[in-house]
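Student: Have a look at this one.
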Amino acid sequence: MKTIIIGDIHGRSVWKQIVEKEKDAHQIVFLGDYFDSFDIKGVEQLHNFNEIIKFKQDTNQDVRLLFGNHDYHYMPGFKGIGYSGYQPAMAYQFRDAISQNILHFQMCYMFDDVVCSHAGISYIWLKEVFGLENDESEHNWSIDRMDEVCDLVNGYFQYKPQIFEFFGTNPYGDDVYQTPIWIRPKSLMKANKNILNKKIIQVVGHTQQNQIDIKGKTTGGRYYFIDTLDNKQPQYLVYENKQFKAETI
Numbered sequence: 647m648k649t650i651i652i653g654d655i656h657g658r659s660v661w662k663q664i665v666e667k668e669k670d671a672h673q674i675v676f677l678g679d680y681f682d683s684f685d686i687k688g689v690e691q692l693h694n695f696n697e698i699i700k701f702k703q704d705t706n707q708d709v710r711l712l713f714g715n716h717d718y719h720y721m722p723g724f725k726g727i728g729y730s731g732y733q734p735a736m737a738y739q740f741r742d743a744i745s746q747n748i749l750h751f752q753m754c755y756m757f758d759d760v761v762c763s764h765a766g767i768s769y770i771w772l773k774e775v776f777g778l779e780n781d782e783s784e785h786n787w788s789i790d791r792m793d794e795v796c797d798l799v800n801g802y803f804q805y806k807p808q809i810f811e812f813f814g815t816n817p818y819g820d821d822v823y824q825t826p827i828w829i830r831p832k833s834l835m836k837a838n839k840n841i842l843n844k845k846i847i848q849v850v851g852h853t854q855q856n857q858i859d860i861k862g863k864t865t866g867g868r869y870y871f872i873d874t875l876d877n878k879q880p881q882y883l884v885y886e887n888k889q890f891k892a893e894t895i
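In my numbering, the protein residues as written are 647 to 895.
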């Protein structure tokens, strides 16, 4: 089975070139951040978002739409002030589009031993939100059952989305307690060292990269940071036959 994973969109239509090139893919995973571009007009971002929704509805491929921090502050019920890139002139339209399509989205997605989310799942954050691992008085979750953990996270996204709000004092989100739409690579790897990183491989966007470290020189092959669509040579990730490779558009 061939899976294509696409990083942060931010209104760009380059995803069309990717899906056209990868017609034989069984799964396509978008890592979120569909809005908040500094150089693409808001109406174009909205049109692009609607086209992604239509693609998911019309294609025979299994399309997974994950949620990012630049989508979260347009989520119905969000009461905070918008953060970097927030577009007040389009906020109502973005919020309405998300509201109408919220059931198309999830916070994380797992296949094989790979977990995709916008920014990454921290073991420390899991303990803070769901209690100690294997504690029957809490959610009785375990990193040995990460598919169930992903279901738990996705359930909270639908019914208790406030747990994904920005957390901590670091303005960049570089905090081991941060949520799966905010945590940065350094903190993500620190939070999971010798624990969660032994169980799963994580594929995330959120933090812009010059290129995908496909050889794992900085990540030990346990993390793939793929926010590269804003580069002169945009990249996306391909997973096939239990192997990863970076492709360039």
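Where is the CB? At the ideal position from N, CA and C, for every residue including glycine. Nothing here was measured: the structure is a model prediction, and the numbers come from that model.
Name the two residues that bound the continuous alpha helix (DSSP H) containing Val775.
Tutor: For the purposes of this step, residue 775 is taken as residue 129 along the sequence shown, with counting starting at 1. Counting along the chain, the alpha helix (DSSP H) containing Val775 begins and ends at 769-776.
Student: With distances taken from CA atoms, which of Ile655, Tyr729, Ser763, Pro722 is nearest Ala743?
Tutor: Here residue 743 refers to the residue found at position 97 when the sequence shown is read from its first residue. Of Ile655, Tyr729, Ser763, Pro722, the residue nearest in Cα terms is Pro722.
Student: Decide if Ile847 is buried, meaning its Cβ has at least 16 other Cβ atoms within 10 Å, or exposed.
Tutor: The count along the sequence shown starts at 1 and reaches residue 847 at position 201. Ile847 should be labelled buried.
Student: For Val799, report the span of its alpha helix (DSSP H) as first-last.
Tutor: The residue you call residue 799 lines up with position 153 of the sequence shown. Unbroken alpha helix (DSSP H) run through Val799: 792-805.
Student: When the distance is taken between beta carbons, is Lys891 closer than 9 angstroms to Ile860?
Tutor: On the sequence shown, residue 860 is found 214 positions in, with the first residue counted as 1. On the sequence shown, residue 891 is found 245 positions in, with the first residue counted as 1. Going by C-beta atoms, Ile860 is nearer than 9 angstroms to Lys891.
Student: Can Lys851 and Ala765 be called in contact, C-beta distance under 9 angstroms?
Tutor: On the sequence shown, position 205 is the one that residue 851 refers to. On the sequence shown, position 119 is the one that residue 765 refers to. At residue 851 the sequence reads Gly, which differs from the Lys that was named. Yes, they are a contact pair.
Student: For Val799, which residues from the same chain have a beta carbon less than 6 angstroms from its beta carbon, with the 5 sequence-adjacent residues on both sides left out?
Tutor: For the purposes of this step, residue 799 is taken as residue 153 along the sequence shown, with counting starting at 1. Cβ neighbours of Val799 beyond the five flanking positions: Met753, Cys754.
Student: If we count Cβ pairs, one from each stretch, closer than 8 angstroms, do we get three or more for the region 789-804 versus the region 763-778?
Tutor: These segments touch.
Student: What does a CB cutoff of less than 7 angstroms around His785 pick up in its chain, not counting 5 residues either side in sequence?
Tutor: For the purposes of this step, residue 785 is identified with residue 139 of the sequence shown, where counting begins at 1. Phe776, Gly777, Leu798, listed in sequence order.
Student: Helix or strand or just coil, what does DSSP make of Ser879?
Tutor: Position 233 of the sequence shown, counted from the start, is the residue given in the question as residue 879. Here the sequence assigns Gln to residue 879, which means Ser is not the residue at that position. DSSP places Gln879 in coil when its eight states are reduced to three.
Student: What's the call for Gln881, buried or exposed, on a 16-neighbour Cβ count within 10 Å?
Tutor: Residue 881 sits at position 235 when you count from the first residue of the sequence shown. Label assigned to Gln881: buried.
Student: Mind checking which residues open and close the alpha helix (DSSP H) that includes His852?
Tutor: Position 206 of the sequence shown holds residue 852. Unbroken run through His852 is the beta strand (DSSP E), 847-854; no alpha helix (DSSP H).
Student: Just mark Ser683 as buried or exposed, buried being the case when its beta carbon has 16 or more other beta carbons within 10 Å.
Tutor: Along the sequence shown, read from residue 1 onward, the residue named residue 683 stands at position 37. Buried, because 16 or more other Cβ atoms sit within 10 Å of the Cβ of Ser683.
Student: Which of helix, strand or coil does DSSP assign to Ile872?
Tutor: Within the sequence shown, residue 872 is the residue found at index 226, counting from 1. The answer is strand: DSSP assigns Ile872 an E or B state.
Student: Can you tell me which of the three DSSP states Val689 falls into?
Tutor: Taking the sequence shown and counting its residues from 1, one reaches residue 689 at position 43. In this structure, Val689 counts as helix in the three-state DSSP scheme.
Student: With distances taken between CB atoms, is the gap from Ile895 to Val660 smaller than 9 angstroms?
Tutor: Taking the first residue of the sequence shown as 1, we reach residue 895 at position 249. Taking the first residue of the sequence shown as 1, we reach residue 660 at position 14. Yes, Cβ-Cβ distance for Ile895 and Val660 is below 9 angstroms.
Student: What do you reckon, are the CB atoms on Ser763 and Ile827 nearer than 9 angstroms?
Tutor: Taking the first residue of the sequence shown as position 1, residue 763 is located at position 117. Taking the first residue of the sequence shown as position 1, residue 827 is located at position 181. A contact, by the Cβ cut-off of 9 angstroms.
Student: May I have the straight-line CA-CA distance separating Val675 from Ala737, to the nearest angstrom?
Tutor: Taking the first residue of the sequence shown as position 1, residue 675 is located at position 29. Taking the first residue of the sequence shown as position 1, residue 737 is located at position 91. Computed Cα separation, rounded: 25 angstroms.
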